[in-house]
Structure formats: C-alpha cells, structure tokens
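All remarks here apply to the structure that follows.
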Ligand SMILES: NC(=O)c1ccc[n+]([C@@H]2O[C@H](COP(=O)([O-])OP(=O)(O)OC[C@H]3O[C@@H](n4cnc5c(N)ncnc54)[C@H](O)[C@@H]3O)[C@@H](O)[C@H]2O)c1
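Numbering (our numbering), first residue to last: 1 to 269.
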C-alpha cells in the first residue's frame, strides 16, 4: 500500500518508536491519528508533523480501555474519513521487582498493556478496515517475542503472544484484504530504555545504565523504516520481522508449520 493519501492510527505515538513511525508515515503523505495516554507527548508529535507540513491530530487513549479504543477508531473516521493503516504499538516493561518476585498487579499490568490491549485494539480496528475494503496492521512485538528475555519474562511472554497472534491472523488477508504483520526490534534508543523508573534504587539504576551502555542501540527511525516496509510491500502477510543493530531486517519463519485448512480458520462457520 502506498501511504500517500491514506489514514493511519498509531498507539503510543507520543514517544519513541510510535513517534518515529508517525513522522515517517506523515512524510509519505498519510494523515495521522496520534493515540497516546501521554497527552503532552502526543501533542508534541502532532506539532512535529504539522511543522513539517503533514496532517495529524491527537486523541487521548488508554489502550487498556475498550471504550477508548472504540473512540480512537471513531475519531480517525470522523477526522480523516477512515482507517487504512494501524500501528498497534503502545507498550510498557514491567517495573522492578520483576517476575517471579513481582506483585500480581505488576505483571498483570504488563500483560494487559502488551497483550490484552493489542488484541482489543485489533478487534476495534478490523471492522473499520472492513468498511474501507481492507488495510494494513503492524503490531509492535519485540526480539523478546522470538527469543528468551531473562530481564523481563512476563514482557517476553506478552511479546511471544503478539507474534503468535500476528501469524495466526494471516487469514484476514483472504477474508477481508487486511494484512497483519509484526516488527520485532532489538534494543531501541527510546525513553522505554533510557527512562528512569521511580521504583529503581540508585544501585539498580547504575546497573541498568551499565547494561544499556553495553548494547548497540537501534535508532527509532530505523524501526519506522521497517514499519513502512510492511505498509508498502503487499506480499508480506502474517510475518514477524526481526530488526537488529545495523540495522539488519529479516523475516523470521516459524520453526514448524501446521497444515492450513481454510475450513478450520477462526471465523469459519
Ligand atoms: N525500546 C525498545 O528497546 C523496544 C524494543 C522492542 C520493542 N519495543 C516495543 O516498542 C513499543 C514502543 O516502545 P518505545 O520503545 O517507543 O517506548 P516509549 O516508552 O518511548 O513509548 C511508548 C508509548 O506508549 C504509551 N503508552 C503506554 N501505555 C499506554 C496505554 N495504556 N495507553 C496508551 N498509550 C500508552 C506511552 O505513553 C508512550 O508514549 C512498545 O510496545 C515496546 O514494547 C521497544
């Protein structure tokens, strides 16, 4: 799909990867619904896009609230006329202490934002894309969704969920002309990685900074390029793309495949 003249919604577009993708899509001529819990960050993204001559509008959304997700879709339809592209991107890491020491509410929140909300957002967006005759969805998973991630096992579980969900929704292309894919970035230089969680002690902060500094960081605009590749390339469906430093992008095939019997697909009678 050529992004020019299309309408895109991006969750978590008030910062990091979401903002970089918003700027890239706006630069290609798409109109952007900037969805985020963080109003200041979201409005700053709108300003950056408008200053560059693009079209964008902010919508305050908590992706863990079903009503907010429905409102986000209506907002894009009323403001720009529909939804063609959805970058399902908002996400968080688990604060310290992490699983298995983490309190139930902490790891539940990670699962709620990083997996439940990704599923709920798709459910809200797909009907709008059907009304439009099709669309492109790019979920943000992570390398932690393809391999073990020892620092945050629940985040890894949620992101593996996003990869499985993405691959299992490939049938939507045949059924509704909607292509679903996901990006699996390595460590990206965003506030998620650089931010200072208030729950951390001085010693934990130093250890974390030292750990981050050992890793080559990917720039957010390099991740945006991967999202744009999924938008543009109509042959990519149900794929997980790993993005590592360099940046190196490659599709990661699942290790085993089941036979695809169309009569057994989700949504079949
Ligand atoms: N930074 C990395 O190294 C990295 C690597 C792989 C995957 N990711 C994933 O990329 C995505 C974006 O992360 P980022 O690095 O840009 O982080 P970031 O913290 O810079 O941006 C995340 C954005 O999501 C928003 N958000 C969080 N909870 C929300 C909610 N409930 N409702 C609406 N918005 C909410 C935040 O306000 C923020 O603007 C996440 O899904 C993250 O898991 C990040």
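Using N, Cα and C, we set each Cβ at its ideal position, and we do this for glycine too.
Buried versus exposed, by CB contacts within 10 Å (16 or more), residue i
{"i": "residue 150", "result": "exposed"}
{"i": "residue 264", "result": "exposed"}
{"i": "residue 241", "result": "buried"}
{"i": "residue 33", "result": "buried"}
{"i": "residue 110", "result": "buried"}
{"i": "residue 139", "result": "buried"}
{"i": "residue 72", "result": "buried"}
{"i": "residue 210", "result": "exposed"}
{"i": "residue 9", "result": "buried"}
{"i": "residue 258", "result": "exposed"}
{"i": "residue 84", "result": "buried"}
{"i": "residue 212", "result": "exposed"}
{"i": "residue 78", "result": "exposed"}
Closer than 7 Å: residue i CB and nearest ligand 1 heavy atom
{"i": "residue 235", "result": "no"}
{"i": "residue 38", "result": "yes"}
{"i": "residue 67", "result": "no"}
{"i": "residue 261", "result": "no"}
{"i": "residue 89", "result": "yes"}
{"i": "residue 15", "result": "yes"}
{"i": "residue 127", "result": "no"}
{"i": "residue 191", "result": "yes"}
{"i": "residue 140", "result": "yes"}
{"i": "residue 92", "result": "yes"}
{"i": "residue 2", "result": "no"}
{"i": "residue 73", "result": "no"}
{"i": "residue 185", "result": "yes"}
{"i": "residue 79", "result": "no"}
{"i": "residue 166", "result": "no"}
{"i": "residue 133", "result": "no"}
{"i": "residue 301", "result": "Beyond the ends of the chain as shown, which are 1 and 269, falls residue 301; an answer cannot be given."}
{"i": "residue 152", "result": "no"}
{"i": "residue 110", "result": "no"}
{"i": "residue 11", "result": "yes"}
{"i": "residue 18", "result": "yes"}
Option in the options with minimal Cα separation from residue i
{"i": "residue 234", "options": "243, 135, 223 and 82", "result": "135"}
{"i": "residue 228", "options": "21, 7 and 155", "result": "21"}
{"i": "residue 174", "options": "236, 2 and 54", "result": "236"}
{"i": "residue 161", "options": "95, 212 and 112", "result": "112"}
{"i": "residue 232", "options": "34, 181 and 42", "result": "181"}
{"i": "residue 89", "options": "40, 62 and 201", "result": "62"}
{"i": "residue 124", "options": "184, 102 and 87", "result": "87"}
{"i": "residue 16", "options": "77, 184 and 223", "result": "223"}
{"i": "residue 98", "options": "126, 59, 154 and 84", "result": "154"}
{"i": "residue 244", "options": "226, 255, 254 and 259", "result": "226"}
{"i": "residue 53", "options": "29, 60 and 59", "result": "29"}
{"i": "residue 146", "options": "9, 185, 172 and 47", "result": "185"}
{"i": "residue 27", "options": "41, 51, 66 and 202", "result": "51"}
{"i": "residue 216", "options": "60, 193, 177 and 23", "result": "193"}
{"i": "residue 76", "options": "207, 47 and 35", "result": "35"}
{"i": "residue 68", "options": "129, 104 and 117", "result": "117"}
Those residues which DSSP pairs with residue i across a bridge
{"i": "residue 248", "result": "244"}
{"i": "residue 136", "result": "85 and 179"}
{"i": "residue 106", "result": "Its beta-bridge partners do not exist; DSSP assigns none."}
{"i": "residue 11", "result": "35"}
{"i": "residue 55", "result": "31"}
{"i": "residue 218", "result": "188"}
{"i": "residue 60", "result": "36"}
Nearest-angstrom beta carbon gap, residue j and residue i [assumed within contact, 8 Å]
{"i": "residue 122", "j": "residue 137", "result": "7 Å"}
{"i": "residue 189", "j": "residue 93", "result": "Going by Cβ atoms, the distance from residue 189 to residue 93 rounds to 15 Å, so no, they are not a contact pair."}
{"i": "residue 187", "j": "residue 80", "result": "The pair is not a contact, with the Cβ atoms about 33 Å apart (cut-off 8 Å)."}
{"i": "residue 247", "j": "residue 218", "result": "6 Å"}
{"i": "residue 55", "j": "residue 31", "result": "4 Å"}
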